[in-house]
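Below: the structure, in structure tokens.
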Amino acid sequence: MPLDFPFLYETLTTLLGGIPLTLQLALLSMVAGTFLAFGLALMRVSGNWWLDCPAQFYIFVFRGTPLLVQVYIIYYGLSQFPSLRHSVLWPFLREAYWCAIIALALNTAAYSAEIIRGGLLSVPAGQVEAARACGMSKLLLFRRIVLPLALRQMLPAYSNEIILMVKSTALASTITLMEITGIAAKLISESYRPVEVFVCAGATYLAINFFVARLFAGIETLMSPERRNLPASTSEKQEECHV
Amino acid sequence: MSECATALAVELLGIRKSYGSLEVLHGISLAAQEGEVISILGSSGSGKSTLLRCINMLEVPNEGTVAIHGETIKIRQKPGQALCPADSAQVNRLRSKAAMVFQSFNLWSHLTILENLVEAPVHVQKRDRKACIAEAEALLERVGIADKRHHYPAHLSGGQQQRAAIARALAMRPSVMLFDEPTSALDPELVGEVLKVMRDLAAEGRTMLIVTHEMAFARDVSSRTVFIHKGIIEEDGPPKEVFSNPRSERFRQFISREETGLR
Chain P
2 MPLDFPFLYE TLTTLLGGIP LTLQLALLSM VAGTFLAFGL ALMRVSGNWW
52 LDCPAQFYIF VFRGTPLLVQ VYIIYYGLSQ FPSLRHSVLW PFLREAYWCA
102 IIALALNTAA YSAEIIRGGL LSVPAGQVEA ARACGMSKLL LFRRIVLPLA
152 LRQMLPAYSN EIILMVKSTA LASTITLMEI TGIAAKLISE SYRPVEVFVC
202 AGATYLAINF FVARLFAGIE TLMSPERRNL PASTSEKQEE CHV
Chain D
997 MSECATALAV ELLGIRKSYG SLEVLHGISL AAQEGEVISI LGSSGSGKST
1047 LLRCINMLEV PNEGTVAIHG ETIKIRQKPG QALCPADSAQ VNRLRSKAAM
1097 VFQSFNLWSH LTILENLVEA PVHVQKRDRK ACIAEAEALL ERVGIADKRH
1147 HYPAHLSGGQ QQRAAIARAL AMRPSVMLFD EPTSALDPEL VGEVLKVMRD
1197 LAAEGRTMLI VTHEMAFARD VSSRTVFIHK GIIEEDGPPK EVFSNPRSER
1247 FRQFISREET GLR
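In order, the protein sequence lines correspond to chains P and D.
Residues in the first sequence are numbered consecutively from 2, following my numbering.
Residues in the second sequence are numbered consecutively from 997, following my numbering.
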């Protein structure tokens, strides 16, 4: 198959128009999902059965069912309830845009909650004990010791989740949204050239995620100075030892 | 009782602690005068660390009272729940007076050594940051790791980390210092540098309670030696007396075991 560069170029520029919507879906659902996840994680580690159990159930349901099914249920399913159609939320729930964001947010919250919980549990008990022994209140201990240590620990897994989310926004195309994949589907139906169009769509996601990965690698380095190389004075000493 | 309590740095009365059906401490009373250096000896599982951790409520005793400088820590029990300190503000205040040094150092790994030292003084005791930094730098100088102040704990040797942890405890200007096996996690060649720092602290008249396996340190440095066996105090007295003339057969066995290096 000869490469049709003008067509590829045209396809790519058309697809670029979908980037803002893709980014919006990813960003808004990430923000909302993270808040929800944080609450769920705190419920999970609270040690209180009445808090832990509902959080576990939520995570079980949203991790155990396909995101596509969740998108469909929220978009097609909610309108079946007359009370919802007459509620103040209907202007939002009517829109595919908000349905997609809600579905993505609820879904990512389930995964992120477990990532955050893992981060919180990874904080060494000794360092928490040292903080308690210094007379830190629970809140101060959480803010100054537990949270910074947990954030560092969960960042790699969390960047994974964000990259997955960026790709998951493609499912929004199934409920009429014209983000990258939505535009790609439209181009295919017009041109009957699925290979070129999908390759271009894939390349666009790849480019976005390249920047997401770089961003998180940067944040990780910034937040974990203790994992970087030794400061100068120590390395000098080590050299002396070798001599 | 109440008049003399004010002169005591730490006073434990009838401390009992159990985990489930296993009672670890069977009603221990121990009082530390101002300026006393008390070594607490005992084989592993004797309850000596648990006793030390009851002082700052890292372990909450099931029975008995703990007083620091005459102030009794309030404990409450809700029906069907574990015991807990009744007034967390009081406990936090007293904890910053009774600083603890741990076996595994427990420096905060995301903070530099200097930041470790100023953390509690600034955020718990609400002291001026600049003054705290100056004081912390002097303390690091004193324990001999001033050049490491901008390093992270992971970059230090065990001995240096433990000296930093001692400096962190000192930075809170504590009136009592609690040491929980401070040299047990160290390589043998690093033990000396930590003991030297502790020796200096004892010499300047600080009140110290030290759970340790260092027999020589207990004998030479402490003003009082306490031997705990199976949750009760078996020996209590000046090290010279206790070591040369032990009343308890178990302590005699313990000394000979420790000194031949068998544990």
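All C-beta atoms, glycine included, are put in the ideal place defined by N, C-alpha and C.
In this text the structure is predicted, and so the values were computed from the model without any measurement.
Checklist entry - To which residues does DSSP link residue 1015 of chain D through a beta bridge? => result As a beta-bridge residue in DSSP terms, residue 1015 of chain D pairs with D/1018.
Next on the checklist: Which residue marks the beginning of the alpha helix (DSSP H) containing residue 1189 of chain D, and which one marks its end?
Outcome noted: 1184 to 1199 is the span of the alpha helix (DSSP H), which, as asked, contains residue 1189 of chain D.
Checklist entry - Cβ atoms of residue 180 of chain P and residue 68 of chain P: under 7 Å apart, would you say? => result No, these two residues do not count as a Cβ contact at 7 Å.
Checklist entry - Is there a Cβ from chain D that is less than 7 Å from the Cβ of residue 242 of chain P? => result Residue placement at residue 242 of chain P cannot be trusted, given a pLDDT of 40 that sits under 50; the coordinates are not used to answer.
Item to check | Alpha-carbon to alpha-carbon, residue 156 of chain P and residue 221 of chain P | outcome: Cα to Cα, the separation comes out at about 7 Å.
Checklist entry - Taking the beta strand (DSSP E) that residue 1072 of chain D falls in, what are its first and last residues? => result For residue 1072 of chain D, the uninterrupted beta strand (DSSP E) segment begins and ends at 1071 to 1073.
Next on the checklist: Would residue 1116 of chain D pass as an interface residue toward chain P - the criterion being a Cβ-Cβ separation below 7 Å?
Outcome noted: It does; some Cβ of chain P falls within 7 Å.
Checklist entry - Mind checking whether residue 1060 of chain D and residue 1091 of chain D have CB atoms under 7 Å apart? => result Result no, Cβ atoms of residue 1060 of chain D and residue 1091 of chain D do not sit closer than 7 Å.
Checklist entry - Got a sec: is the Cβ-Cβ distance from residue 100 of chain P to anything in chain D below 7 Å? => result Chain D, which has no Cβ nearer than 7 Å to the Cβ of residue 100 of chain P, makes this no.
Next on the checklist: On the criterion of 16 or more Cβ atoms from any shown chain inside 10 Å, does residue 1080 of chain D qualify as buried, or is it exposed?
Outcome noted: Burial call: exposed.
Checklist entry - What do you get for residue 1247 of chain D, buried or exposed, if any count of 16 or more other CB atoms within 10 angstroms of its CB means buried? => result With 16 or more other Cβ atoms within 10 Å, it is buried.
Next on the checklist: So, for residue 153 of chain P: in the same chain, excluding its five sequence neighbours on each side, which residues have a beta-carbon less than 6 Å away from its beta-carbon?
Outcome noted: Result list for residue 153 of chain P: 224 and 225, in chain order.
Item to check | Backbone secondary structure at residue 195 of chain P - three-state DSSP | outcome: Looking at residue 195 of chain P - three-state DSSP - the assignment turns out to be helix.
Checklist entry - Counting only beta-carbon atoms, is residue 1015 of chain D nearer than 7 Å to chain P? => result No, residue 1015 of chain D does not count as interfacial toward chain P.
Next on the checklist: Tell me the rounded alpha-carbon separation between residue 40 of chain P and residue 1139 of chain D.
Outcome noted: C-alpha separation (whole angstroms): 43 Å.
Next on the checklist: Along the segment 1116 to 1146 of chain D, where does the CB come closer than 7 Å to a CB of chain P? Name the residues.
Outcome noted: Listed in chain order, the positions of the segment 1116 to 1146 of chain D with a beta carbon within less than 7 Å of a beta carbon of chain P are 1116, 1119, 1120, 1143 and 1146.
Item to check | Reduced DSSP secondary structure (H/G/I, E/B, other) of residue 211 of chain P | outcome: Shown here, residue 211 of chain P sits in a helix according to DSSP, grouped into three states.
Item to check | Residues bridged to residue 1225 of chain D (per DSSP) | outcome: According to DSSP, residue 1225 of chain D bridges with D/1228.
Checklist entry - Leaving out the 5 sequence neighbours to the left and right, which residues in its chain are closer than 7 Å to residue 1031 of chain D when beta-carbon positions are compared? => result Excluding five sequence positions before and after residue 1031 of chain D, the CB atoms of its chain that fall closer than 7 Å to its own CB belong to 1201 and 1203, given in chain order.
Item to check | Backbone CA spacing between residue 134 of chain P and residue 1116 of chain D [nearest angstrom] | outcome: Taking the straight line from one Cα to the other gives about 10 Å.
Next on the checklist: What would DSSP say about residue 1141 of chain D, mapped onto helix, strand or coil?
Outcome noted: Coil, per DSSP.
Checklist entry - Assuming residue 118 of chain P and residue 46 of chain P make a contact with CB atoms under 8 Å, what is their CB distance in whole Å? => result Indeed they touch by this definition, with Cβ atoms about 6 Å apart.
Checklist entry - Does the beta carbon of residue 1100 of chain D sit closer than 7 Å to a beta carbon anywhere in chain P? => result It does; some Cβ of chain P falls within 7 Å.
Next on the checklist: I'd like to know if the segment 1223 to 1230 of chain D and the segment 1012 to 1027 of chain D are in contact, where contact means that at least 3 CB-CB pairs between them fall below 8 Å.
Outcome noted: Cβ pair count under 8 Å is three or more, so yes.
Checklist entry - With DSSP run on the structure shown, which of helix, strand or coil describes residue 1081 of chain D? => result Correct three-state label for residue 1081 of chain D: strand.
Item to check | Per-residue contacts from residue 133 of chain P into chain A (C-beta, under 8 Å) | outcome: No chain A appears in this structure, whose protein chains are P and D.
Checklist entry - Applying a beta-carbon distance threshold of less than 9 Å, which residues of chain P neighbour residue 1173 of chain D? => result Below the 9 Å Cβ cutoff, chain P contributes no neighbours of residue 1173 of chain D, its closest Cβ being approximately 11 Å away.
Checklist entry - Since residue 1241 of chain D meets chain P, which of its residues come closer than 9 Å, beta carbon to beta carbon? => result Residues of chain P passing the Cβ test: none, with the nearest at roughly 36 Å.
Item to check | In DSSP terms, what residue 1172 of chain D is bridged to | outcome: In the DSSP assignment, the residues bridged to residue 1172 of chain D are D/1094 and D/1203.
Next on the checklist: Alpha carbons only, please: which of D/1235, D/1126 and D/1223 is nearest the one belonging to residue 1042 of chain D?
Outcome noted: That would be D/1223, whose Cα lies nearest to the Cα of residue 1042 of chain D.
Checklist entry - residue 1181 of chain D CB to nearest chain P CB: under 7 Å? => result Chain P, which has no Cβ nearer than 7 Å to the Cβ of residue 1181 of chain D, makes this no.
Item to check | Closest by C-alpha distance to residue 197 of chain P, when choosing among P/216, P/162, P/185 and P/206 | outcome: Closest by alpha carbon: P/185.
Next on the checklist: Taking the alpha-carbon of residue 1146 of chain D as reference, which of P/187, P/227 and P/178 has the nearest alpha-carbon?
Outcome noted: Closest option to residue 1146 of chain D, Cα to Cα, is P/227.
Next on the checklist: Looking at residue 1062 of chain D: is its Cβ nearer than 7 Å to the Cβ of residue 1018 of chain D?
Outcome noted: Not a contact, by the Cβ cut-off of 7 Å.
Checklist entry - For residue 1029 of chain D, which of helix, strand or coil comes out of DSSP? => result Note: residue 1029 of chain D maps to strand in three-state DSSP.
Checklist entry - So what does DSSP say about residue 1008 of chain D, is it helix, strand or coil? => result When secondary structure is reduced to three states using DSSP, residue 1008 of chain D falls in the strand class.
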